[in-house]
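Written below as structure tokens is the structure these notes are about.
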Amino acid sequence: MKIRVVFYRVKPEYKGFAETDEIYFMKSARVIGEAIGNLNQYIGDQFVKYRVRHLIMNGVFEIEGIPKAMRFYSVKLR
288 MKIRVVFYRV
298 KPEYKGFAET
308 DEIYFMKSAR
318 VIGEAIGNLN
328 QYIGDQFVKY
338 RVRHLIMNGV
348 FEIEGIPKAM
358 RFYSVKLR
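Residue numbers for the sequence shown follow this note's numbering, beginning at 288 and rising by one.
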């Protein structure tokens with residue numbers, strides 16, 4: 288069974304964005320929470336956190352900060 292996590296586009300005026308040269312980063316905790324909140328079935332946050340980190344390593348997301356815990360880094364799509 289393949290699980291597909293879709294990250295919904297969130298408007299930049301929401302809280303949680305760090306503005307850097309008109310490029311918007313979103314706190315990873317917010318991205319993970321949005322993904323879990325928009326799913327029809329329960330998936331733990333550890334799995335979604337793993338997927339976000341995997342997408343960072345594969346070059347899908349850019350990262351700003353230290354990937355120590357969800358609250359310490361922000362991500363954006365490349």
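Glycine included, every Cβ here is placed at the ideal spot set by N, Cα and C. Please read these numbers as outputs of a predicted model, since none were measured by experiment.
Contact between Glu-351 and Tyr-360 holds: CB atoms are separated by about 6 Å, below the 8 Å threshold.
When only Cα atoms are considered, Leu-364 and Lys-314 end up about 12 Å apart. Separation of the CB atoms of Val-335 and Ile-319 is rounded to 5 Å, and the pair is thereby assigned contact status at 8 Å.
Under the three-state reduction of DSSP output, Val-362 falls in the strand class. Per DSSP, Ile-343 lies in no beta strand (DSSP E); the unbroken alpha helix (DSSP H) holding it starts and ends at 332 to 344. DSSP, reduced to helix, strand and coil, places Ile-353 outside both helices and strands of the structure shown, so it counts as coil.
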